[in-house]
Amino acid sequence: MENRILVLAPFGRDARVITEVLAARQINVHACDDAHALISAIQQESAATIVTEESLSEGLVEALRGMLSRQPPWSDYPFVVLAARQTVRRTDRARSALQELSNLVLIERPVNPDTLASAALSALRARQRQYLTRKHLAELQSSKLSVEQLNDQLETRIAERTADLASANDRLMREILERERIESSLVQNQKMEALGRLTGGIAHDFNNLLHAVNLNLQLIERLKVDEDRVRDYARRAKDAVNRGSRLTGQLLSFARTQSLVPKLHDVNELIRNMAELISISVGAHVKLSLALSPEPAWLIVDAAQMEMALLNLSVNARDAMPHGGVLDMHTVIAPADVDAGPGDPAYPRGSVSVVVRDTGTGIAANLLGKVFDPFFTTKQHAGTGLGLSQVYGFTRQSGGHAAVESEVGAGTTVRLRFPLAPAPQDAAAEAAAAQDAVVPVQAEILVVEDDPGVRRSMVECLQVLGYRVRQAVDGAAGLIELEKARPDLLLVDYLMPRMNGAEVIAKARKMYDELPILLATGYADMKAVERVIGPQLVLAKPFDLDTLGKAVSTELRRKRPA
11 MENRILVLAP
21 FGRDARVITE
31 VLAARQINVH
41 ACDDAHALIS
51 AIQQESAATI
61 VTEESLSEGL
71 VEALRGMLSR
81 QPPWSDYPFV
91 VLAARQTVRR
101 TDRARSALQE
111 LSNLVLIERP
121 VNPDTLASAA
131 LSALRARQRQ
141 YLTRKHLAEL
151 QSSKLSVEQL
161 NDQLETRIAE
171 RTADLASAND
181 RLMREILERE
191 RIESSLVQNQ
201 KMEALGRLTG
211 GIAHDFNNLL
221 HAVNLNLQLI
231 ERLKVDEDRV
241 RDYARRAKDA
251 VNRGSRLTGQ
261 LLSFARTQSL
271 VPKLHDVNEL
281 IRNMAELISI
291 SVGAHVKLSL
301 ALSPEPAWLI
311 VDAAQMEMAL
321 LNLSVNARDA
331 MPHGGVLDMH
341 TVIAPADVDA
351 GPGDPAYPRG
361 SVSVVVRDTG
371 TGIAANLLGK
381 VFDPFFTTKQ
391 HAGTGLGLSQ
401 VYGFTRQSGG
411 HAAVESEVGA
421 GTTVRLRFPL
431 APAPQDAAAE
441 AAAAQDAVVP
451 VQAEILVVED
461 DPGVRRSMVE
471 CLQVLGYRVR
481 QAVDGAAGLI
491 ELEKARPDLL
501 LVDYLMPRMN
511 GAEVIAKARK
521 MYDELPILLA
531 TGYADMKAVE
541 RVIGPQLVLA
551 KPFDLDTLGK
561 AVSTELRRKR
571 PA
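Take any residue in the sequence shown, count from 1 to its spot, add 10: that is its number in the numbering used here.
See the structure below:
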């Protein structure tokens, strides 16, 4: 369309002659019937226009003038005007019309066909040069826009980089101090990790010792001794064993080698049992105040993690009260229809809130949203920033919600809210049901234990309970005993040389698929054990005679041979 030449010659045969001359020379030509058709065709794109002088009416000239005034800077639309014969005098109107068409070639008639074709081709080439100029201008404009965008981006990047450099200069000294603090913390963490490995390594032997002492003390209690002093000595020694057992459990929790399983607990009882430890941890300058709910507050939580969370909160409160103060710890049981706070879930059965409040220095408002973030701490050159992170993670994993409220100079309150759990069944009813259950008479139990003292104590305890007992000094000997005869129950230690308890159990299951099995352990990778035998079959050392008897009786009833 842009290479098309338009023709307006409404009188006589001029239009047909011009069209034939140009078409014969392969020029794209279109004849217009009138001025309106010409204006419309020009607006649809064309390269040039050939008009006869007598067709330049006032209306056509006015329309062309408006069109030419609106053309872009690169455009100078060409016209070829076929003038009237020289014998005809040109009027003032005609001269004015010709002046309006700035880019024109005037050819007087009669015109030679070659001359007409040459003028048309010249106009066409001139228009094509304008198109090339348009293209160059468009490319220049595009390049200009690209350069402007690049300049804007460059200025933005320079501004951002300048701001980054300024910020980096401000952070430099802080980063140096932070690096020194992190290096010191790393050394401390490495020490704690080594201590954890050492703790886990000695826990098994320590629990075995406690286990042997505990069982022998219980055997002493069952002897018919006339002197009350002997029974009193045994009772006090057993209390010491229980304290040592709790200490071992805390060490194993610190070493993170226990498999922690949520169970039903009265959180009030957990707090009472921890009161002495918390008091020692916060020091004499901090007063511990307990306000626990009058009724039991039942939760399904992991006791070790709950105790760790309360201890973390207590230590944080202590650090916030360097000159002393009051640490208030209380529990609240709320019914289901009590409105929860913002972001606090609703619990259909009700909720239990464990609230820890101190009278310390408090936390700034702009830092409250970060206190549960890992490694965030407000302590200068102290702390790992993991205490409250452990509290938050444990609470959320237990289906609860953690929130903190604080004001500088007015202390801090941390509220842990958990779903209320249903109360356990009556213990007396369970005991009666256990007594009514039928236990196999003279059941035979195979004990596999590598520690001679522990093995002897377990054998004597089982014999006191009325069972026949065989024993093996390790896993290999135990498998030999299993091949000799099938016992009614297998009681096996976990950590033994050459073959651990889980491996013994796996081989025993292949020999006797329905064989009742109990595993006794003072330290183990419990996840590996549970993959083999399940968590309900584990006896954690040290255990007492009643616990041993109940576990054996329960397992014999649950998997009694046909």
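C-beta: ideal position from N, C-alpha, C; glycine also. Computed from a predicted structure; not experimentally measured.
{"Query": "Residue nearest to G360 in terms of C-alpha spacing, selected from R367, L377, V342 and V366", "Result": "V342"}
{"Query": "For L270, the three-state DSSP class (helix, strand or coil)", "Result": "Note that L270 scores a pLDDT of 49, beneath 50, so its modelled location is shaky; the value from the coordinates is reported in the next line. DSSP places L270 in coil when its eight states are reduced to three."}
{"Query": "CB contact flag (A73, A93, <8 Å)", "Result": "no"}
{"Query": "Three-pair Cβ contact test at 8 Å for the region 115-123 versus the region 141-151", "Result": "no"}
{"Query": "Collapsed DSSP secondary structure at R427 in the structure displayed", "Result": "strand"}
{"Query": "Neighbour-count burial assignment, Q315, 16 or more Cβ in a 10 Å radius", "Result": "buried"}
{"Query": "Cβ contact (3+ pairs, closer than 8 Å) linking the region 154-166 and the region 66-82", "Result": "no"}
{"Query": "8 Å Cβ cutoff met for V606 and I60", "Result": "Limits of the chain in this structure are 11 at one end and 572 at the other, which puts residue 606 out of reach."}
{"Query": "Which residues DSSP lists as bridging W308, in chain order", "Result": "D276"}
{"Query": "Whole-Å CB distance - A127 paired with L66, under 8 Å assumed", "Result": "Wrong, their Cβ atoms sit about 22 Å apart, outside the cutoff."}
{"Query": "Straight-line Cα distance separating N13 from A129", "Result": "14 Å"}
{"Query": "Separation of D276 from A374, as counted between CA atoms", "Result": "34 Å"}
{"Query": "Segment contact flag, the region 427-435 with the region 309-328, C-beta cutoff 8 Å, min 3 pairs", "Result": "yes"}
{"Query": "Buried/exposed call for S56, threshold 16 Cβ in 10 Å", "Result": "buried"}
{"Query": "Closer than 7 Å: R519 CB and nearest the ligand GDP heavy atom", "Result": "What this structure holds is no ligand at all, so the ligand GDP is not there to describe."}
{"Query": "Delimiting residues of the alpha helix (DSSP H) encompassing H46", "Result": "A45 to Q53"}
{"Query": "Endpoints, the beta strand (DSSP E) within which S9 is located", "Result": "Missing from the structure shown is residue 9; the chain here goes from 11 to 572 and no further."}
{"Query": "Beta-carbon proximity of A346 to P358, cut-off 8 Å", "Result": "yes"}
{"Query": "Cβ pair count under 8 Å reaching 3, the region 450-463 against the region 324-342", "Result": "no"}
{"Query": "Nonlocal neighbours in the same chain, by C-beta distance under 8 Å from G410, ignoring five residues either side", "Result": "L426, R427, F428 and P429"}
{"Query": "R328 vs V296 beta-carbon contact at 8 Å", "Result": "yes"}
{"Query": "Length of the line joining the Cα atoms of R184 and V364", "Result": "37 Å"}
{"Query": "Option nearest P497 by Cα separation, candidates A482, N322, L147 and L505", "Result": "A482"}
{"Query": "Residue burial classification, I290 (beta-carbon count within 10 angstroms, cutoff 16)", "Result": "exposed"}
{"Query": "For T369, the nearest candidate out of M339, A486 and E193 (CA to CA)", "Result": "M339"}
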